[in-house]
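Asks: Dropping a structure here in structure tokens format, bear with me for questions.
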Amino acid sequence: MTALAGRPARAPSWDPGVAGKLPGLAGARVPAQLLGLAWFLLAARVFSPVDFGVLSTALVLVVVIGGLSDLGTTRTVVRHVAADRTSLRSSFVRAATLRGVAGLALALVVIAVAPQVQDTISVQVVALAGLIAVASGITEIGFAALRSVGSVTTEGRLLVVERALFVVAGTAIVLAGGGPVAVLAAYAATNLVSAGVVSVRSLGFPGGAGTPSGPLLDAEGRHTAVGSTLVIVGPRISALLLVVLSTPTVVGTFSIALKVPEALGILGAAILLPLLPMVRSQLLDGRGRRAVQDAGRVTATVLMAMIPAAALLAVDGRRVLDLLFGAGTRPGSVATLALLAAVSGLWVVRTYGEVLLLAQERAARYLVAVASGIVVNLLVGVALVRWSASTGAATAALLAEAVVLIITV
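With our numbering, letter number 349 in the sequence shown gets 349, and the count goes up by one each step, no holes.
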């Protein structure tokens, strides 16, 4: 592996503190997730069904706009900064600008289209969702750029502080009788604060004011962009098939069964994301074997931590569904939960393969893997959904993730 465009590899100093940095980030994400979940449950109980539906729709739009406008920037910025740490400022500015412009453009499209599809969601709600997506996207790019030079203190602190600020503000708004628009405004404000802090930190990082290390959307960048977009789309294929081929009741059953495994898988994958700059750094320094071994050990540790929770979902799913949602008796819900618990584990192992491929500048294979999983999910899912509703959709998702895993690892 060589540095980009013939530039000298200035590998960041990840190795000396990696044992403490990765657990530290993981430790920050867990309370942040728990705070978010606690507030979500509060809002679900306090808001009327209509207001909670508006809030939920806005949060879905945040995920869609943020995911589709990412264009691989959170991964590509690592590729460039890890190759030349002096390019941190310029790489951050270019990546943040690209994602910001893409996010704003997509938000405008959604604002124009939304009234034609759903007349109960106001332009104000869509605009706030777009603002949240853009601000959180810039924050993620800043986190990724700073990780590439071994700096994770800002990320670790902001993950908890931002979520705590929102929970305090959101709870006060809800208890005072405020509606979803006020909550979304508070969400946007806290995200803008994080984006500002991360931007200042990235732009002022010592020794990071060099020239760009290469184009963002070269062939490797384009493959990464498309692959990253498909990663957002892929996990939602099964739910989409149920929307088209089944009933709203079955869709609801699948959504309930998906909630906990999805949160578990997302948390595990998020913990592994900092591996990308570490592996990229080691590869550029000629230590490819060590990079694979280090990443494998971290992945195994995350899996071992996840297995008890996934096993509980698979073995005692009815109790979990009853406790959280009162839905343990829904037809197919327990089997669906067990299958999706297995999917959450595959997400983590697949993330390990993704990290290795992107660090090695093999985004084309990464793209093939994700696209293959979507094709399998569509082809197999059509038959299985007609045969076994939510359980069939979960089975198709499991088979698709297995295909992605085989190709990536």
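Idealized CB from N, CA, C, for every residue including glycine.
Buried or exposed: which applies to Ser-228, given that a residue is buried once 16 or more other Cβ atoms fall within 10 Å of its Cβ?
Replies: Counting Cβ neighbours within 10 Å, Ser-228 comes out buried, since at least 16 surround it.
Asks: Using beta-carbon positions only, say whether Val-231 and Thr-299 come within less than 8 Å of one another.
Replies: Not a contact, by the Cβ cut-off of 8 Å.
Asks: Quick one: using the 10 Å Cβ neighbour count with 16 as the cut-off for buried, is Arg-45 buried or exposed?
Replies: Exposed: under 16 other Cβ atoms inside 10 Å.
Asks: Among residues of its own chain, excluding the 5 on either side of Gly-328, which ones have a beta-carbon nearer than 6 Å to its beta-carbon?
Replies: Answer for Gly-328: Arg-318, Leu-321, Asp-322, listed in chain order.
Asks: Could you give the DSSP three-state label for Ala-19: helix, strand or coil?
Replies: Confidence is the limiting factor: at Ala-19 the pLDDT is only 48, short of 50, which leaves the residue's position unreliable and the question unanswerable from this model.
Asks: Can you look up Asp-285 in the DSSP assignment and give me helix, strand or coil?
Replies: Three-state result, Asp-285: coil.
Asks: Under 6 Å Cβ to Cβ from Ala-11, same chain only, skipping five residues before and after it: list those, please.
Replies: With a pLDDT of only 43 at Ala-11, under the threshold of 50, the placement of this residue in the model should not be trusted; the figure read from the coordinates follows. Taken in chain order, the residues that qualify are Ser-281, Leu-284, Asp-285.
Asks: I'd like to know if the stretch 287 to 299 and the stretch 60 to 69 are in contact, where contact means that at least 3 CB-CB pairs between them fall below 8 Å.
Replies: In short, these stretches do not touch, since the Cβ pair count stays below three.
Asks: Is the CB-CB distance between Gly-381 and Ala-369 below 8 Å?
Replies: No, Cβ-Cβ distance for Gly-381 and Ala-369 is not below 8 Å.
Asks: Rounding to the nearest angstrom, what Cα-Cα distance links Thr-153 and Ile-271 in this structure?
Replies: Roughly 15 Å separates the two Cα atoms.
Asks: Of all the options Val-251, Tyr-366, Ser-202, which has the alpha carbon lying nearest to the alpha carbon of Thr-86?
Replies: When each option's Cα is compared against that of Thr-86, the closest is Ser-202.
Asks: Kindly list the residues whose CB is nearer than 8 Å to the CB of Ser-372, restricted to its own chain and excluding five residues on each side of it in sequence; keep chain order.
Replies: Hits under 8 Å: Val-403, Val-404, Ile-407.
Asks: Using a 10 Å radius around the Cβ and a threshold of 16 neighbouring Cβ atoms, would you call Ile-307 buried or exposed?
Replies: Counting Cβ neighbours within 10 Å, Ile-307 comes out exposed, since fewer than 16 surround it.
Asks: Go to Ser-202, then tell me how far its alpha helix (DSSP H) extends in each direction, as first and last residue.
Replies: Element bounds for Ser-202: 180 to 203.
Asks: For Asp-51, collect the residues of the same chain with a Cβ closer than 6 Å to its Cβ; drop the 5 residues on either side in sequence, then sort them by chain order.
Replies: Excluding positions up to five away in sequence, the list reads Gly-179, Pro-180.
Asks: Hey, how far is the Cα of Met-304 from the Cα of Ile-111?
Replies: Cα-Cα distance, rounded: 44 Å.
Asks: Whole beta strand (DSSP E) runs in the stretch 266 to 338 with 3 or more residues, listed along the chain?
Replies: Whole beta strand (DSSP E) segments, 3+ residues: zero.
Asks: Closest by CA to Glu-140, which one among Gly-268, Phe-92, Gln-124?
Replies: It is Phe-92 whose Cα lies nearest to the Cα of Glu-140.
Asks: Please classify Thr-190 as buried or exposed, where buried requires at least 16 other C-beta atoms within 10 Å of its C-beta.
Replies: Flag for Thr-190 reads buried.
Asks: Taking Ala-133 as the reference, which of Ser-238, Ala-188, Thr-97, Ala-383 has the closest Cα?
Replies: Ranking the options by Cα distance to Ala-133, first place goes to Ala-188.
Asks: Using 10 angstroms around the beta-carbon of Gly-137, count the other beta-carbons present and answer buried if the total reaches 16, otherwise exposed.
Replies: So Gly-137 ends up on the buried side.
Asks: What residues in its chain sit with their C-beta under 6 Å from that of Gly-210, if we drop five residues either side in the sequence?
Replies: Excluding sequence neighbours, Gly-210 sits near Thr-86, Ser-87.
Asks: With a Cβ-Cβ cutoff of 8 Å, do Ala-310 and Ser-333 count as a contact?
Replies: In this structure, Ser-333 does not lie closer than 8 Å to Ala-310 by Cβ.
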